[in-house]
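Enquirer: Chains as they are written, first to last, in our numbering: chain A, 1 to 483; chain B, 1001 to 1483. For glycine and all other residues, C-beta sits at the position ideal for the given N, C-alpha and C. Source: prediction; values computed, not measured. Provided herewith is a single structure, encoded as C-alpha cells, for subsequent inquiry.
In C-alpha cells:
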C-alpha cells in the first residue's frame, strides 16, 4: 500500500472512511517510513527493531539489490535476533500473528519458535496457482501445522479477483481479541494481512465497489476490516487499553498499476526503490483517551519504531546487547515532541539515501537496470527525473544529491552543490552517515542462497491432509536478485 | 493553486489548518474543475457561467493556445456578457471584487461597468517591477480610480518575497462584510486575491514559516485569511446566511517549482495543460447549518457552476437567451445528489478533452512545443507519459485517448482501443461531444489583438497621483501565444 492510498492522505476517490476516521480519532504520521522498499526485510525490521542489514534480511549476491523470502530461500530470521513477541512474553503478553510471516518458511524460522503463541496465515506471499510440481502452492498454517494451501483450500480466483482471505483474517482477529479480553490477558496482535499485494483480491461483497478498480476493492476491504477491529475493541471496552498502529511494509507497487497497483501520492516512484514512493508509508496511531484526536505528526518515524514503542508501552526495555534502530515514539505520540533522528534508505547492503530533518541525501540512485526497463519493468511509470531515476547504479557518495522534501516532496530538484544550503546541510549529514557506517555491524546475510528443495513441499501437518509433496534434489545456489 | 496544495487534499506538510477545518465543517469537492488551465479565461467563465470559447476569452491566432489579459491586450469582457454581479443586483445584492479582475483593463471593461459596486485591487497580474517606460507598473484601483501601482505604492520585495497584499485584501474583505452586515444588505464578495501566483509573496509574519518554502508561506497566509473571514462571519452571526466557496482558477504552475510552484497531488502536469494537474482544483463549500459537516462530493463540478449556484441561492434564474455551461450545484451540496454532466477541457479554441463520469477522453494532447521545452520551459517536470504529454499537438479525434480517472488518476494508462470498455464508453462520449460541437456558438475572440498603447499608462485617477504616463503610438498586432 502506498502513502497516497488513503483518503486522509489525499487519494482522490476518498474511499477509506474507517481509516480516515481512525486518523481523525488518533494521530496521522505524515513522515513515516518502512525500513526497506520490499516486504520481507521490512517485516523483519518491524519485529526486530533493526535495519535489515543488521538482522540479516539482505543479500550480498550483487550490489544494492532488493531481496525477500520466496519459496526457494534457504535463510530466514536468525535465532540470534530478538523479536518483539519474544520480549513481550516477559510482560505476560499473548502474541498472535495473522497473515503473512515472510521471515523464512523452514522449520527453524517458524513464528512460534520466535515468540508468537499463535499463527494463522502463510509463510510466503500468495503467488500462484502453482502446479505442485515445479512449485508447490503456498501453505496456510494454523499454529504449528499447515491446514491447507492457497488456491486449493483457500481459494483465490485470479480471473475474477475474488478471495475471502481478508474476511477470514478479520474474523480471526476479532476472535483472538475477544478471547484475550475474556481471559484478561494482555495481547499483541500482528495483523499482517497480505491484501493489496499482487495478485490483488477482494471478497465478493467488495468486488466492483471501488472507483479505483480491483486494487481499490482490496483497499476498501482493508478499510472495512480495520473499522471492524476498532469497533470491536470499543465494544469490548478495551479501546483505551489498546494501542493500534496502521501502516504498510512498502510503497505501492507501481509496476502493477493501473489494475493492481496503488498510489504513492505526490512522491517519486514506488516499491523496490529508495525514492519516497518506495518507502514513505501511510501511518496512523490510535489509542482513544491517550492520543489526542485529530493529531498530526511530522516526526520522522519508521516501522522499526513500533518495536521500541511497543516495548515502552509494555514497560519493557529494549535489548542492550545490540544496536536497535527503532526509537520509542511515545513522546511524539503523547506529548507532540519532535525527536531528531535520521532515516536510512537501504537497498540490500547499500545505504542508498538518508533523511535528516526535511533533507534527503541520495548517495546512490537507481530505479532498475536498462535491461529490465527495456523489458517493460518500470518502477517509476510516467515519471522520469533526469539524473535521479537512473537506470544504471549511480554513485554520488562524494557529492550526494540533496533534496528538501518540504519544498520538493517529489524529489525533482536537487539542491545546487555550490549553495550555502547544500554545504551547511551536507556537513551535518556527512557526520551522521560516517557514524552510521563506521559503527555498522552487518548481520550474516540470509537472502543469498536459494534451493528448490526447501520450498513448501511438505510442511508440518501435510500428512494429515494428504498434501505432502516430494521435494526435488537439493541444489543450493546463489539467488538471482535482478533489482 | 493546485489540487494537492491543501492538507485536506494530501499535501504532505499539511499546513492549511483553516482550510482543512473549513472542509471538515463543510463539503469537500474532489472532482472540481476550472474552466481553463489559465487565469483570465477561468475567471471570465466563473463570472459568466460560460465556457471561455463562448464568452470570448480565447484566441484564434494559433491552434489550441492559452491566452490571457496581459497589459497590452486590447480585448476584455464584452458588454453582451451577463456577469453574476449584474444579475445579483436584481435581487438587491451589493457586489464587491477584491483582488485581481483580469477581464480586461481598458475603461469599457471596468468591473464597476459589469455589475460590481465596489472594487479594490488590480486589473492584471502583479508582474513587475517595470520601468514605466517599456511597461508601466500595474495599477491598484479603489472603485473607479487607481490609487497607486504595484511595486511603487503597494510594495512587493522580490528579493525577500515580502508583500502585505494578502493582508490588505483580507482587511478589505472583513470591512466589507462588517459594513454589509451593519446595513443588513445581502452581498456577493468575490475575494479574487492573486497570491500564490508568481512572483510569489507573503507578509512578513508568514515568511519562512512553511516547510514548503515561499510558496508554502503564501498558501499559509491564504489559509490564515480564509480562517479569519469564516470566523468573522460567525462572529457577526451571519455564517448560516452566507454561502462560501473556496477554489482556484488553474492548477499549480509547475514551471515555477520548486521555489514558486505548488502541488497538483497525484495528477499529471500543471497549469497551461488540459491534463488533470492543469484543471482539477481544490474546492470546498461551507455553509453551517445547511451543508452537512464533513461531507465529500464526487460531483463533477466547475467554477462555472458557481455562477448558476449563486443565482439559485439568490432565487434568480439564469439567463435564458444564451447557453450557460454552469449547473446549479445545490442538489449536490444540500442533498448529496450526483448530477450527470460532462466537463470540457479547452485550450484556446480547441476542445482538448472531455470528462464523462470517471472517464476522460483526450481529443488532442499537447504539453508544450519542443522549441519551448528545449529552452527549459516544462509544464510537466519529472513527468513523461509516452504519447500523452506530447510536445507536438497530437490529434486523436478519430480515436481519442481514453483514461479511467478512478483507476488511473495520473493519466498514465490509456485504455486499449480494442477493449469493450473503450467501445462502450466512447460510444456515449462521442454523442456528447458531437452535440457540444454542433451547438457551439463561439463568441468573438477577445484575446487576439495586442497593442502597447492600451497598457495601464494613464488609468483614471492617475492625475491626482501624478502617476500618468505617456502611452506609445498605437500599433495593434496579433498577440503571440506560444503555448
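#1: Expressed to the nearest angstrom, what Euclidean distance is found between the alpha-carbon atoms of residue 1299(B) and residue 251(A)?
#2: Use the C-beta contact count for residue 91(A): other C-beta atoms within 10 angstroms, 16 or more gives buried, fewer gives exposed.
#3: Name the residue from 1223(B), 1375(B) and 1276(B) whose alpha carbon lies nearest to the alpha carbon of residue 1355(B).
#4: Would you call the CB atoms of residue 1015(B) and residue 1210(B) closer than 7 angstroms?
#5: Answer with yes or no whether the minimum CB distance from residue 409(A) to chain E is below 7 angstroms.
#6: Can you give me the start and stop residues for the beta strand (DSSP E) that residue 1408(B) sits inside?
#7: Just the chain B side, please: which residues come within less than 9 angstroms of residue 428(A) by C-beta, in chain order?
#8: Kindly indicate which three-state DSSP category residue 385(A) falls into: helix, strand or coil?
#9: Should the stretch 347-365 of chain A be regarded as contacting the stretch 225-243 of chain A, the criterion being three or more beta carbon pairs within less than 8 angstroms?
#10: Can you find at least 3 beta carbon pairs, one from the stretch 1249-1266 of chain B and one from the stretch 405-423 of chain A, that sit closer than 8 angstroms?
#11: In the DSSP assignment, find the unbroken alpha helix (DSSP H) run with residue 282(A) in it and report its ends.
#12: Just to check my reading of the structure: residue 1381(B) and residue 412(A) have Cβ atoms closer than 8 angstroms, yes? What is that Cβ distance to the nearest angstrom?
#13: Is residue 1358(B) close to chain A, meaning its C-beta is less than 7 angstroms from at least one C-beta of that chain?
#14: How many Å lie between residue 1089(B) and residue 358(A) at the Cα?
#15: Judging by CA-CA distance, which residue of 1420(B), 1350(B), 1372(B) and 1145(B) is the nearest neighbour of residue 1396(B)?
#16: Can you list, in chain order, the residues of its chain whose CB lies under 6 angstroms from that of residue 1098(B), leaving out five sequence neighbours each side?
#17: Below 7 angstroms between beta carbons is the criterion; list the residues of the stretch 380-409 of chain A that meet it against any residue of chain B, in chain order.
#18: May I ask you to verify whether the stretch 1265-1283 of chain B touches the stretch 1219-1236 of chain B, counting CB pairs closer than 8 angstroms and requiring at least 3?
#19: List, in chain order, every chain B residue whose beta-carbon is nearer than 7 angstroms to that of residue 30(A).
#20: Note down, in chain order, all residues in the stretch 1257-1268 of chain B with a beta-carbon under 9 angstroms from any beta-carbon belonging to chain A.
#21: Given a cut-off of 7 angstroms, decide if residue 59(A) and residue 65(A) are closer than it, judged by their beta-carbon atoms.
#22: Go through the stretch 343-400 of chain A residue by residue and report every complete run of the beta strand (DSSP E) that reaches 3 residues or more, in order.
#23: How would you write the range of the alpha helix (DSSP H) that residue 1040(B) sits in, first residue to last?
#24: CA-CA distance, residue 421(A) and residue 414(A)?
#25: Give me the chain B residues within the contact set of residue 335(A), using Cβ-Cβ distance strictly less than 8 angstroms, ordered along the chain.
#26: Indicate whether residue 329(A) and residue 309(A) have their beta-carbon atoms separated by less than 7 angstroms.
#27: State the DSSP-derived secondary structure class of residue 479(A), mapped to helix, strand or coil.
#28: Taking Cβ to Cβ, would you say residue 104(A) is nearer than 7 angstroms to residue 128(A)?
#29: Within 7 angstroms of any Cβ in chain A, is that where the Cβ of residue 1211(B) sits?
#30: Using the Cα positions of residue 1432(B) and residue 1398(B), report the straight-line distance between them to the nearest angstrom.
#31: Distance cutoff 7 angstroms, beta carbons only. Does residue 1438(B) sit that close to anything in chain A?
#32: Quick check on residue 1033(B): does DSSP put it in helix, strand or coil?
#33: List the residues of chain B whose Cβ lies closer than 9 angstroms to the Cβ of residue 413(A), in chain order.
#34: Name the residue from 83(A), 194(A) and 184(A) whose alpha carbon lies nearest to the alpha carbon of residue 126(A).
#35: For residue 218(A) and residue 201(A), I'd like the C-alpha separation in whole angstroms.
#36: In three-state DSSP terms, what is residue 1178(B)?
Expert: Let's see:
#1: 30 angstroms
#2: exposed
#3: It is 1276(B).
#4: Result yes, Cβ atoms of residue 1015(B) and residue 1210(B) sit closer than 7 angstroms.
#5: Looking at the structure shown, chain E is missing, and the protein chains on hand are A and B.
#6: Here residue 1408(B) belongs to no beta strand (DSSP E), and DSSP marks it neither H nor E.
#7: Going along chain B, no residue has its Cβ under 9 angstroms from residue 428(A), so there is no contact; the nearest lies around 18 angstroms.
#8: In the structure shown, the three-state DSSP call for residue 385(A) is coil.
#9: no
#10: yes
#11: Looking at the DSSP string, residue 282(A) is not in any alpha helix (DSSP H); the run it does join, the beta strand (DSSP E), is 280-286.
#12: 6 angstroms
#13: Chain A has a Cβ within less than 7 angstroms of the Cβ of residue 1358(B).
#14: 51 angstroms
#15: 1350(B)
#16: Taken in chain order, the residues that qualify are 1120, 1121, 1169, 1172, 1173 and 1191.
#17: 381, 382, 383, 384, 385, 406, 407, 408 and 409
#18: Segments in contact, no.
#19: In chain order: 1012 and 1014.
#20: 1257, 1258, 1259, 1263, 1264, 1265, 1266, 1267 and 1268
#21: yes
#22: 343-347, 350-356 and 359-362
#23: 1039-1048
#24: 12 angstroms
#25: The contacting residues do not exist; residue 335(A) stays about 19 angstroms from chain B at best.
#26: yes
#27: Residue 479(A): coil per DSSP, three-state reduction.
#28: In this structure, residue 128(A) does not lie closer than 7 angstroms to residue 104(A) by Cβ.
#29: yes
#30: C-alpha of residue 1432(B) to C-alpha of residue 1398(B): approximately 15 angstroms in a straight line.
#31: no
#32: In the structure shown, the three-state DSSP call for residue 1033(B) is strand.
#33: 1257, 1258, 1259, 1381 and 1382
#34: 194(A)
#35: 6 angstroms
#36: helix
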